[in-house]
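Residue numbers (the numbering used here), protein chains in the order written: chain X, 1241 to 1617; chain P, 890 to 1051; chain E, 1060 to 1222.
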């Protein structure tokens, strides 16, 4: 960090617009940067360029019709969004779903977490100037998308996890192919570490940049890998378990400040790599224990919850995804509010960037891994 | 770890002048209704009291209750250390909705409150930067998530309906 | 291929119509604005990445619209964004082409009815050459859309049609 006050010559502040069309803003985000030379004095994000009126749609659709719209919020983690909605709705309706459904949901959510982190890590490398890791990550991501495709026919937006069940049972080849994938994928994490994580240039660009202290993070409501990189073990899968996560044995990786300070951009990057390994552990255990059963037996014929409200939350790849659903007793929700992790996380950008160089904005923005689809909803 | 009743008790002891109402007959979650103009004082207490220690605001959502002619705001609070949760609700008049801002206490409330302003027109008093957030800054047709909202025919020369 | 099916009859001289030559040059290196909007942008990225390899059609992402020949509208266009897209389009040098990728930019997609902030089709703002349906279209569908655009370019004539 550079001390702006020590410079003897004061220059006029310059305002620079970054976005909404910019290759490194991860979507349609506009940042208004106030600059003192090359040093950032203030960052004002302007959002809403992808505001697709999700909450208004919820008030016009029946409960099952909302599932495809949830897909389109965080489009890198559609399975997680559906799972969050299903968890909230099942809490409101008070229904139990078969064990097989829960296990398949966990497998899908964890595969999705790996796929999502692969995009995050790949594009982060590309932002900083390493294009090759991007190709490596997308190669592996395609394998996961293939697994989703044989399950439900879609590559990106699945409409797979329904309230009370699933749209399809697993393909007969799914378990074998997933095991093959795990076997292939484990060495590529090491490959990614060699090519990017421990690369000296990469470490120089990311370590000690954009340090997020844990107190600030909690005060802002930051969650997920960004919070854990600041050194706190907070994961809804462990702290407020849903589905069948309590049955699996896995660790929660936290930032250790290996190459700089705890909570810097490198930590946020590396926590995601460690999380992929933990996800593989969960998938392996879930595949071993996968019970038999009918995946559609608990789907309600007509969803009409009693008047009331519920807040259901899950640990999405980007953090805590919460659905606040108010029902008035009809077949349509009265109000749905989504607590999107990226929406909350983007607020800290101004705090993180202050005092750094303009090139570090890209580093910091890439490290908090936002998806504009869920920020604007 | 405290449940909603115990927190209500603590609030009543600390703020004898304010009115609190517990609603717990709903399915799933109970919540406490309090006065919209003193929610900042209540929040300060909830945040600073070491036995409650609500260090994180997880969600803030506006709701349009058109039948009762009122707008309401729900606060979902959580303590990451003590692992308890709380839901607060404030109710305000639909024609002149005013709620005290909690941005001083939880900085993350900033954008949530801006969103509630953008979508419902709820004015948060003492908010540092109360502007529209998702809709364009020059949007003149009102607040879209209000139940009686009507969309304009044109925006900057572009036809809006299908 | 307009040029390559002609035999090399005399040394290294190729004889072709100027029209064919220009069209061939244009369709074989369509530089794209690297510009993503929503979900479809992820599929567009997947198309450019290792598995589908957009590069083999001469499509290379360029960060600036001033370098580009083609813009792929990949995702939902909101009212707030529409004016910016128009400005992007106006910055591109002629000849320029537009692929509208996915239901949202074709017609508003799933947001056509209640989307108070969604533009119901990018063709209300800028002219579109190829519409690719799907929500989101598979990378193969985007490639098909690009081949359709190449066919369109191949058929362009320099001669003004007499009325």
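Think of the CB as a built atom: it goes at the ideal place given N, C-alpha and C, for glycine as much as any other residue. For clarity, every value in this text was computed on a predicted model and none was experimentally measured.
Residue i - containing beta strand (DSSP E), residue span
| i | result |
| --- | --- |
| residue 965 (chain P) | 959-967 |
| residue 1564 (chain X) | 1559-1567 |
| residue 1001 (chain E) | In the structure as shown, chain E begins at 1060 and stops at 1222. Residue 1001 (chain E) is therefore absent and cannot be evaluated. |
| residue 989 (chain P) | 987-989 |
| residue 1274 (chain X) | 1270-1276 |
| residue 1556 (chain X) | 1548-1556 |
| residue 976 (chain P) | 974-982 |
DSSP three-state assignment for residue i, whether helix, strand or coil
| i | result |
| --- | --- |
| residue 1538 (chain X) | coil |
| residue 1254 (chain X) | strand |
| residue 1122 (chain E) | coil |
| residue 1319 (chain X) | helix |
| residue 1060 (chain E) | Note that residue 1060 (chain E) scores a pLDDT of 49, beneath 50, so its modelled location is shaky; the value from the coordinates is reported in the next line. Residue 1060 (chain E): coil per DSSP, three-state reduction. |
| residue 1603 (chain X) | helix |
| residue 1281 (chain X) | strand |
| residue 948 (chain P) | strand |
| residue 1491 (chain X) | coil |
| residue 934 (chain P) | helix |
| residue 1442 (chain X) | helix |
| residue 1214 (chain E) | coil |
| residue 1290 (chain X) | coil |
| residue 1335 (chain X) | coil |
| residue 1151 (chain E) | coil |
| residue 1402 (chain X) | strand |
| residue 1576 (chain X) | strand |
| residue 1325 (chain X) | helix |
| residue 1135 (chain E) | coil |
| residue 1079 (chain E) | helix |
| residue 911 (chain P) | strand |
Distance, residue j Cα to residue i Cα
| i | j | result |
| --- | --- | --- |
| residue 1475 (chain X) | residue 1465 (chain X) | 9 angstroms |
| residue 968 (chain P) | residue 1358 (chain X) | 31 angstroms |
| residue 1542 (chain X) | residue 1528 (chain X) | 34 angstroms |
| residue 1343 (chain X) | residue 1171 (chain E) | 36 angstroms |
| residue 1207 (chain E) | residue 1079 (chain E) | 17 angstroms |
| residue 1149 (chain E) | residue 1136 (chain E) | 17 angstroms |
| residue 1153 (chain E) | residue 1190 (chain E) | 20 angstroms |
| residue 1263 (chain X) | residue 1194 (chain E) | 23 angstroms |
| residue 1187 (chain E) | residue 1181 (chain E) | 8 angstroms |
| residue 1311 (chain X) | residue 1252 (chain X) | 46 angstroms |
| residue 1513 (chain X) | residue 1429 (chain X) | 7 angstroms |
| residue 997 (chain P) | residue 1483 (chain X) | 28 angstroms |
| residue 1452 (chain X) | residue 1024 (chain P) | 29 angstroms |
| residue 1313 (chain X) | residue 1616 (chain X) | 8 angstroms |
| residue 1579 (chain X) | residue 1217 (chain E) | 55 angstroms |
| residue 1060 (chain E) | residue 1082 (chain E) | Note on residue 1060 (chain E): pLDDT 49, under 50, position unreliable in the model; no value is reported. |
| residue 922 (chain P) | residue 938 (chain P) | 20 angstroms |
Residue i and residue j closer than 9 angstroms at C-beta
| i | j | result |
| --- | --- | --- |
| residue 1572 (chain X) | residue 1303 (chain X) | yes |
| residue 958 (chain P) | residue 982 (chain P) | yes |
| residue 1569 (chain X) | residue 1331 (chain X) | no |
| residue 1501 (chain X) | residue 1510 (chain X) | no |
| residue 1316 (chain X) | residue 1557 (chain X) | yes |
| residue 985 (chain P) | residue 929 (chain P) | no |
| residue 1505 (chain X) | residue 1461 (chain X) | no |
| residue 970 (chain P) | residue 961 (chain P) | no |
| residue 973 (chain P) | residue 892 (chain P) | yes |
| residue 1134 (chain E) | residue 1164 (chain E) | yes |
| residue 1612 (chain X) | residue 1268 (chain X) | yes |
| residue 1089 (chain E) | residue 1124 (chain E) | no |
| residue 1401 (chain X) | residue 1325 (chain X) | yes |
Below-9 angstroms beta-carbon distance, residue i vs any chain C residue
| i | result |
| --- | --- |
| residue 1006 (chain P) | Looking at the structure shown, chain C is missing, and the protein chains on hand are X, P and E. |
Near the ligand MN: residue i beta-carbon under 8 angstroms from a heavy atom
| i | result |
| --- | --- |
| residue 1145 (chain E) | This structure simply doesn't include the ligand MN, nor any ligand for that matter. |
For residue i, the first and last residue of its enclosing alpha helix (DSSP H)
| i | result |
| --- | --- |
| residue 1175 (chain E) | Per DSSP, residue 1175 (chain E) belongs to no alpha helix (DSSP H) and is neither H nor E. |
| residue 1457 (chain X) | 1454-1460 |
| residue 1530 (chain X) | Element bounds for residue 1530 (chain X): n/a, residue is neither H nor E. |
Of the residues that make up the region 1394-1424 of chain X, which ones have a beta carbon closer than 8 angstroms to any beta carbon in chain E? Cβ contacts with chain E: 1395, 1396 and 1397.
Interface residues of the region 924-947 of chain P facing chain X [CB-CB below 8 angstroms]: Shown in chain order are the members of the region 924-947 of chain P whose Cβ falls below 8 angstroms from a Cβ of chain X: 944, 945, 946 and 947.
Members of the region 1272-1298 of chain X near chain E, C-beta cut-off 8 angstroms: From the region 1272-1298 of chain X, only 1288, 1289, 1290, 1291, 1292, 1293, 1296 and 1297 have a Cβ closer than 8 angstroms to chain E.
Given a limit of 9 angstroms on CB to CB distance, which residues of the region 971-998 of chain P reach chain X? Listed in sequence order: 972, 974, 976, 994, 995, 996, 997 and 998.
Taking a Cβ distance cut-off of 8 angstroms, strictly less, list which residues of the region 1032-1050 of chain P are near chain E, in chain order. Per Cβ criterion, the list reads 1033, 1038, 1040, 1044, 1045, 1047, 1048, 1049 and 1050.
Relative to chain E, which residues along the region 1573-1602 of chain X have a C-beta separation below 8 angstroms, given in chain order? Residues passing the 8 angstroms Cβ filter: none.
Counting only Cβ-Cβ distances shorter than 7 angstroms, please list the residues of the region 1139-1167 of chain E near chain X, keeping chain order. Only those residues of the region 1139-1167 of chain E whose C-beta falls short of 7 angstroms from the nearest C-beta of chain X are listed: 1139, 1140, 1143 and 1147.
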